[in-house]
């Protein structure tokens, strides 16, 4: 990328079968400054050099999205770590604080008095299929580059 740009994108995220699983229809479009680490690399690469009005179909592999699923991020925790939770169920999400940084884990199973949690991003290991429409594409201002986000 030669220059950092501000992009605003209408989008539809589809699963492998072509069913829409997320969309900006009736919601906010994606809005970011390229090169600031706000957006997955696959989308940044897809829109680089594109202009307003262009529509794209983009397939983004895990390596350019949320990475591969990492088995080491699935770990066991004692049930005692979940005190105060009346009914612990698969699919529940919790924010943990490991000291380094907070992260969200999802309960994925149980083994005796252990709870299996997965700290992978929910879309890790998944190929993403996007339909994108470029609604805005302009050079970022120095203030936006410094802030790392669009200011207008």
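Numbering (UniProt numbering), first residue to last: 1 to 152.
For glycine and all other residues, C-beta sits at the position ideal for the given N, C-alpha and C.
Computed from a prediction, not measured in an experiment: that's the story for all the values here.
Legend entry - Continuous beta strand (DSSP E) assignments of at least 3 residues falling wholly in the UniProt domain "PPIase FKBP-type" (4-78): Fully enclosed beta strand (DSSP E) runs of 3 or longer: 5-14, 20-23, 30-33, 55-60, 74-78.
Self-check item: C-alpha distance - residue 93 paired with residue 148, whole-angstrom precision
Solution: Numbered from 1 along the chain shown, position 93 holds the residue referred to as residue 93. Numbered from 1 along the chain shown, position 148 holds the residue referred to as residue 148. Rounded to the nearest whole angstrom, the C-alpha separation of residue 93 and residue 148 is 29 Å.
### Nearest residue (CA-CA) to residue 70, options 50, 121, 25, 127
Sequence index remark: in the chain shown, residue 70 carries index 70 (1-based). The shortest Cα separation from residue 70 among 50, 121, 25, 127 belongs to 121.
> Can residue 144 and residue 150 be called in contact, C-beta distance under 7 Å?
Replying inline: Counting from 1 along the chain shown, the entry for residue 144 is found at position 144. Counting from 1 along the chain shown, the entry for residue 150 is found at position 150. One thing to note: residue 144 has its Cβ within 7 Å of the Cβ of residue 150.
- [ ] Report yes if the C-beta distance between residue 110 and residue 11 is below 7 Å; otherwise report no.
- [x] Stepping through the chain shown from its first residue, residue 110 is reached at position 110. Stepping through the chain shown from its first residue, residue 11 is reached at position 11. No, these two residues do not count as a Cβ contact at 7 Å.
Is the stretch 3-20 close to the stretch 134-143, with three or more CB pairs under 8 Å? In short, these stretches touch, since the Cβ pair count reaches three.
In terms of alpha-carbon separation, which member of 51, 66, 44, 74 lies closest to residue 107? Numbered from 1 along the chain shown, position 107 holds the residue referred to as residue 107. With distances taken between CA atoms, residue 107 lies nearest to 74 out of 51, 66, 44, 74.
- prompt: Secondary structure at residue 146, three-state DSSP: helix, strand or coil?
  reply: Walking along the chain shown from the start, residue 146 turns up at place 146. Residue state, collapsed to three classes: helix.
message = Given 6 Å as the limit, tell me if residue 115 has its C-beta closer than that to any heavy atom belonging to the ligand ADP.
response = Absent from the structure shown: the ligand ADP. Ligands present: none.
inquiry  = On a Cα-Cα basis, can you pick out the residue from 116, 152, 57 that is closest to residue 18?
reply    = Within the chain shown, residue 18 is the residue found at index 18, counting from 1. Ranking 116, 152, 57 by Cα distance to residue 18 puts 57 first.
Going by DSSP, what residue range makes up the beta strand (DSSP E) through residue 110? Here residue 110 refers to the residue found at position 110 when the chain shown is read from its first residue. For residue 110, the enclosing beta strand (DSSP E) has its first and last residue at 102-111.
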